[in-house]
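In the working numbering, the protein residues as written are 7 to 130.
The C-beta atom is built at its ideal place from N, Cα and C for all residues, glycine as well.
The next block holds one structure in the form of structure tokens; read it before the comments.
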């Protein structure tokens, strides 16, 4: 199996061959490292916002801005504080949604965000 990583934001691309058994064995290590990194780098507030975002987005489609407004009202937290932290979650790839160039796209948790929500629900 061949994997090629190339993102517009990077100045390099990496290509490597790996067999499926090595990939399967390594996946749990990668997942564990991802969770440990998120656990140590996300603030308690960001973890809480990620959990609440998941609850709201399960039942309703909304923009990132609407999500920020709803969380701000629910937690009685300043809009700017929620927006700042949601933006950090977006930049780290845990939440996605519309931006200036593509307004109107609904907010959603990425796969990484969903994995962390399940972990945080069980262990926090």
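Here's the rule: buried if 16 or more other CB atoms are within 10 angstroms of the residue's CB, otherwise exposed. What is residue i?
{"i": "residue 95", "result": "buried"}
{"i": "residue 44", "result": "buried"}
{"i": "residue 106", "result": "exposed"}
{"i": "residue 103", "result": "buried"}
{"i": "residue 24", "result": "exposed"}
{"i": "residue 37", "result": "exposed"}
Can you name the start and end residues of the alpha helix (DSSP H) that residue i belongs to?
{"i": "residue 105", "result": "From DSSP, residue 105 is part of no alpha helix (DSSP H); its letter is neither H nor E."}
{"i": "residue 25", "result": "Segment: none, residue 25 is in no alpha helix (DSSP H) and carries neither H nor E."}
{"i": "residue 75", "result": "70-81"}
{"i": "residue 49", "result": "Run containing residue 49: none; DSSP gives neither H nor E here."}
Please return the same chain residues whose Cβ sits closer than 6 angstroms to the Cβ of residue i, not counting the five positions on each side in sequence.
{"i": "residue 120", "result": "none"}
{"i": "residue 60", "result": "115, 123"}
Keeping to the same chain, check which residues put their C-beta closer than 8 angstroms to that of residue i; ignore five residues upstream and five downstream.
{"i": "residue 68", "result": "62, 76, 112, 113"}
{"i": "residue 110", "result": "69, 104"}
Name, in chain order, the residues that DSSP records as bridge partners for residue i.
{"i": "residue 127", "result": "Answer is none; residue 127 lacks a bridge partner."}
{"i": "residue 115", "result": "101"}
Excluding the 5 residues preceding and the 5 following residue i in the sequence, name in chain order all residues of the same chain whose CB lies nearer than 7 angstroms to its CB.
{"i": "residue 52", "result": "91, 94, 95"}
Could you tell me if the beta carbon of residue i falls within a distance shorter than 7 angstroms of some heavy atom in the ligand PLP?
{"i": "residue 68", "result": "Absence of the ligand PLP is noted for the structure shown, with no ligands found whatsoever."}
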